[in-house]
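Okay, so here's the structure we're looking at.
Laid out in structure tokens, this is it:
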């Protein structure tokens, strides 16, 4: 996802960038990403020949206006000792405001892994259903930041992440 917040601006909400030219490359090939549906700031590769391999080096670059941003990374190993406290949860639909009270009975979900070297890790929580039904049908105004049921945390040097059930229903930044 790409968002932009001008440095000298008084704005506090970043705007999604949906018209950048984004490329992922390896030593052998270059892959152009295209904007995903909607005004989301997300991009994807439409082909099936881009394979992300542990231990391989990848480069990403994009142009936005006259600016060019470049970065490189090596795909790390998956963390050892990965576990999750609940691998399936069921959340009743929120149709009326009173339905929010059902969240008092749901436990938080704890994701843990081994991190003795203090490496950086991030957690992605995503609904994998082919045709998901929204959990929250209430019409709140969250400044346009409605959740498409994906949480991507910032990379941190810890060995756990806690997902609160309410986090799965409302918005993402």
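In our numbering, the protein residues as written are 1090 to 1262. Using N, Cα and C, we set each Cβ at its ideal position, and we do this for glycine too.
Continuous beta strand (DSSP E) stretch holding residue 1147: start and end:
DSSP places residue 1147 in the uninterrupted beta strand (DSSP E) bounded by 1146-1153.
For the beta strand (DSSP E) holding residue 1199, just list the boundary residues, first then last.
For residue 1199, the enclosing beta strand (DSSP E) starts and ends at 1198-1201.
Option in 1148, 1130, 1112 with minimal Cα separation from residue 1103
Of the listed residues, the one whose Cα sits closest to residue 1103 is 1130.
Unbroken beta strand (DSSP E) run spanning residue 1158, endpoints:
Unbroken beta strand (DSSP E) run through residue 1158: 1156-1163.
Residue 1151 and residue 1111: beta carbons closer than 8 Å?
Contact flag set, yes.
Would you check whether the ligand SAH has a heavy atom nearer than 7 Å to the C-beta of residue 1139?
As presented, the structure is devoid of all ligands, the ligand SAH included, so that no description of it is given.
Residue 1099 to residue 1149 span [Cα, whole Å]
Cα to Cα, the separation comes out at about 29 Å.
Using DSSP with H/G/I as helix, E/B as strand and the rest coil, what is residue 1231?
Because the pLDDT of residue 1231 is 45, which lies under 50, any placement of that residue in the model is unreliable, and the number read from its coordinates should be weighed accordingly. Coil, per DSSP.
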